[in-house]
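Those protein sequence lines, which keep their order, are chains U and B. Just add 427 to wherever you are in the first sequence, counting from 1, and you've got our numbering. Just add 39 to wherever you are in the second sequence, counting from 1, and you've got our numbering. Notes to accompany the following structure.
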Amino acid sequence: MLIFEQSRTGRRATAQAPKAAPEAADIPAHLRRSERPGLPEVSEMQAVRHFTRLSQKNFSIDTHFYPLGSCTMKYNPRGCNTLAMLPGLLARHPLSPETVGQGFLACMYDLQEILKEVTGMKAVSLSPAAGAQGEFAGVAMIRAYHDARGDSARNEILVPDAAHGTNPATATMCGYKVKEIPTDKNGDVDLAALKQAVGPQTAGLMLTNPSTLGVFERSIEAIAKAVHEAGGLLYYDGANLNAILGKVRPGDMGFDVIHMNLHKTFSTPHGGGGPGAGPVGVSERLRPYLPVPMVGRDGNDYVWLTEKDCPDTMGRLSAFMGNAGVLLRAYIYARMLGREGMQRVAEYATLNANYLMKRLQEKGFDLAFPNRRATHEFIVTLKKQDKTLNASAMDFAKRLLDYGYHAPTTYFPLLVPECLLIEPTETEAKEELDGFVDAMAKILEEATSNVDILKEAPHTLPVRRLDDVRAARELDLAWSGTVS
Amino acid sequence: MPFIPHTDAEVRDMLDAIGVVSIEDLFDEIPRNLRTRSLDGIPAGMSEQEIGRLMHQRAEQDGRPLCFIGAGAYEHHIPAAVWEITTRGEFYSAYTPYQAEASQGTLQLIYEFQTMMTRLTAMEVSNASLYDGASGLAEATLMAVRANRKSKSGRVLMPVSVHPHYRKTTDTIVRNQAISLVELPYDQQGGHVTPESLAQYEGEDITALVIAQPNFFGVLEEVDALTDWAHRNGILVIAVVNPTSLALLKPPGEWGETGADIVCGEGQPLGVPLSSGGPYFGFMCCKKEYVRQMPGRIVGRTLDRDGREGYTLTLQAREQHIRRSKATSNICTNQGLLVTAATIHMSLLGAEGLEHVAASCHANTRRLVELLTANDFVKPRFNRPYFHECALEFSIPLKGVIRPFSAHNLLPGYELEQEYPELKNHLLVCATETKTEADLQLYADHLNRMLEKQTKADCPVQPKMA
């Protein structure tokens, strides 16, 4: 039932709003609203009960194993949330003077320093609000760099065909043409094709490493060399940074600009689809173009760095400084991990992924790249099961929900047919992984004995498989009823 | 090991199962020379108690000044239930609802949010949020260029009275897409956009007109006249609105004869704490005919195989994970958790509660303006009606005023000169429903004392009592 359907005219949570104020008689009638908007009229308890019940219809990290590949669904420490929501931090107005923000700015400055160190970049700006905005900032900086040198014939961004959809979408937003580079049979970028593609038109290459195929790009040094020799710059998509945190740094691999997804690697909550945070880091030559505002130091004081201090900045990406509360959570997490903890993230994420990969292989599942190490994630392909048993990746995914596991990422990357991209993360215990393996093995049995169980899954959730075609054809995007 | 559950015995079992000797062996595909040697610049790990102590110190260091700054972020009461429920793990630690059957809570909530936003704005459709108000305006600008197929120019009229950070953000994001933002001046007396400033664009190829209601100065625009002028000239209207104000002000869907085409704004006033500027959320609504040009996630209601109602992400063919380089935007993650808070917030307030909030903010600001201008040195800068925020002109240097206020733990407002050099010694003030009469008096008393001190040298202060 919708909250609107529980509404009764005249019912209200009166403790939550001020008493009626004098009418705003100074606002002329033609600028005023004639009728109240049809918002729900419910008691406080009705609202609490309704939204609590809605929450119980969700799978989440706090309730379920959530091996969604390329999303790094690891435990979000509660302490990070509690401490980021201290009253003083919540109450601070973004335009407060620096004198009443030294505590907050110290956290942001420290976070910039930590991110610089762990990625090997020379400077960091925290302002992008999410990974895709970080990508935008990164490519816009590449553009600003070439433009400043009068090198404006470069009109093309290279993107491997395995890349996230945000990469080509971002390049387009920055006014670039996109050229796709194929992948070789072992999951590496096709180096020969890349060498042929680079040239005086190349502005840069956007690369995720490890790639979305769940393998480390072994020829990264040769790739960097080819792109740099052609005068292009190298962009690192930090979507998979969890796999290499503290083990190898993008700066050392030769990347000129990177973005990080703090809601993945630094364990800030995914929130049902955001907020994220997508800080960017750069090499020395891109430093002048970083997005503002940033935090700097003036003697012992922390200060904002804005357009005035950074005249060549690529600009501002939001009204204030981006998702400050997310950045605080990431900072608290980083301080709790410390330098040893950060290295352990990559180690145990990789251990869990390789263990899970091996166990699934033993149960009869085909790996997309059986001769490679898993990084923090790996791909199972159900091409065989789809062909011989009529059991698709979608069917396995939906049946997993019945067993109490959130499905892995399905049908991405697009290169691998009927794929499941599986990322267990470092915070899952061995018995959770074993339980997942058992469920997958049982589903495989079911696929052999009675595939309809899969086809009709899920059976145990609040709804069964939904009609997406109807949703798109008969658009119902807002409730049309009236509040009674 | 914080947050890692493995015992030594389990690690050994797992390595045996994989067939390697050590965890290090799992990294053997990374070239040796690239491996990180040390992370000495990063401090050692801390326990929750240790980081807790540090964070408490830092939070307390910043104090809790009495804040009269608005300028795009507004302090409102947030019911305790809002964040109690929003931070439940099932909302807090879920991801984008790709698996609809396992995400009906988030999906239904977004559908309810979309419904609430269409009602508040009187528009037909809403998306599931964008990053914030400023980037929302950038996305609205790009959307208008896609939606207005008759216009070829990519020229967008952008009043200078739109939030300066929104204008800068929009410039950053649309810069490389053959779009030009044409500045419209504000009227010197009224602080609003006048028909005269539009006259020169009559009959030209213009793609869109941005109308902020209220504008950055708090001033109310003549939205009906502006909207009708735009539509007569084949120009789409992008409304930028404060959601609190919509409880009192005419919703954009009713502006002029046919209403605004795209509506965006900052959702922060709906249950989101100030928290140094984020995370907030941008909202976006539009006429149904433009829904396929809208960026971001959209939730639709549909049926499951048993004919039961359910909710799912829809119209995904607009988005980057399907369309890649031809997507409407690169946006992926949005601000789901903030939408959760806003939906609960709006449910707890209802239309009447929200109206009380808006009226109370407005009454407080009017009262503050009355108190602060009861002297010969401060007066309202503009003569038009405003909503819950007002620009004040000081005839003495502001420098001497701002700093003493900070010493009294009071933030008196936003100095307009930072973004408008012509508005030297102007302060933008806002008093929301969180301020009491005593707070307003305190501000006025401090001001009067300072005025006395500053002006004693040349002439005694003679406050005109109101």
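Cβ atoms here follow ideal geometry from the backbone N, Cα and C, with glycine treated the same way.
Chain B places no beta carbon closer than 9 Å to that of V843 (chain U), leaving this residue out of the contacts. Residues of the stretch 99-112 of chain B with a C-beta atom less than 7 Å from some C-beta of chain U are E99, Q100, D101, G102, R103, P104, C106, I108, A110, G111, A112, listed in chain order.
Taking CB atoms only, P851 (chain U) has no neighbour in chain B less than 9 Å away. M182 (chain B) is positioned such that its CB atom lies closer than 9 Å to that of M333 (chain B). DSSP, read as helix, strand or coil, puts T494 (chain B) in helix. Taking a cut-off of 8 Å for Cβ pairs, the stretch 282-297 of chain B and the stretch 456-464 of chain U touch, as three or more such pairs fall below it. If only uninterrupted beta strand (DSSP E) runs of at least 3 residues are considered, those enclosed by the stretch 241-280 of chain B are 247-252, 275-280.
Beta bridge pairing from DSSP links F492 (chain U) with U:Y832. By the beta-carbon neighbour count (other beta carbons within 10 angstroms, threshold 16), G708 (chain U) is buried. Listed as beta-bridge partners of L467 (chain B) by DSSP are B:A430, B:Y453. Residue-level contact by beta carbon fails for H686 (chain U) and chain B, as no gap is shorter than 9 Å. Under the three-state reduction of DSSP, A795 (chain U) is assigned to coil, being neither helix nor strand. A446 (chain B) counts as exposed, since fewer than 16 other beta carbons sit within 10 angstroms of its beta carbon. The beta carbon of T635 (chain U) lies closer than 6 Å to those of D664, A666, N667 in the same chain, with the five residues before and after it left out. For the stretch 591-603 of chain U, the set of residues with a beta-carbon nearer than 9 Å to any beta-carbon of chain B comprises H591, G592, T593, N594, P595, A596, T597, A598, T599, M600, C601, G602, Y603, in chain order.
Under the Cβ distance rule, T246 (chain B) does not count among the residues neighbouring chain U, no pair being separated by less than 9 Å. Leaving aside the five residues that flank E644 (chain U) on each side, the residues in its chain whose CB is nearer than 8 Å to its CB run, in chain order, D615, V616, L634, N636, P637, S638, I650. The beta-carbon distance between L542 (chain U) and M763 (chain U), rounded to whole angstroms, is 15 Å. This is too long to meet the 8 Å contact definition.
Any Cβ of chain U closer than 9 Å to the Cβ of C429 (chain B) would place that residue at the interface, and such an atom is absent. Taking the Cα of H655 (chain U) as reference, the smallest distance to any Cα among U:T610, U:T692, U:L640, U:R712 is reached at U:R712.
With contacts defined as CB atoms closer than 9 Å, V279 (chain B) and I250 (chain B) qualify as a contacting pair. Counting only the Cα atoms, L376 (chain B) lies some 15 Å from G749 (chain U). Beta-bridge analysis with DSSP links W731 (chain U) to U:V722.
If you draw a straight line from the Cα of V675 (chain U) to the Cα of L73 (chain B), it comes to about 6 Å. Counted as a single uninterrupted DSSP element, the stretch harbouring G699 (chain U) is not any alpha helix (DSSP H), since DSSP gives it neither H nor E.
The three-state secondary structure of E648 (chain U), taken from DSSP, is helix. For A653 (chain U), the nearest beta carbon of chain B is not closer than 9 Å to its own beta carbon. Chain B places no beta carbon closer than 9 Å to that of A757 (chain U), leaving this residue out of the contacts. Taking a Cβ-Cβ cut-off of 7 Å, the neighbours of K207 (chain B) in chain U comprise G742, R743, given in sequence order. In terms of beta-carbon proximity, G128 (chain B) lines the interface with chain U, with at least one pair separated by less than 9 Å.
With the criterion set as a beta carbon lying under 7 Å from some beta carbon of chain B, the members of the stretch 889-906 of chain U are P889, V890, R891, R892, L893, D894, D895, R897, A898, A899, L902, D903, L904, A905, W906, in sequence order. Contact note: V625 (chain U) does not reach chain B at a C-beta cutoff of 8 Å; the least C-beta distance is about 19 Å. Sequence-ordered contacts of the stretch 392-407 of chain B with chain U read G392, L393, E394, H395, V396, A397, A398, S399, C400, H401, A402, N403, R405 [C-beta pairs closer than 9 Å]. The closest CA to that of P718 (chain U), considering only U:G561, U:H591, U:T526, is found on U:G561.
Interface annotation, P706 (chain U): not in contact with chain B, CB-CB separation never under 9 Å.
For K814 (chain U), the three-state secondary structure derived from DSSP is helix.
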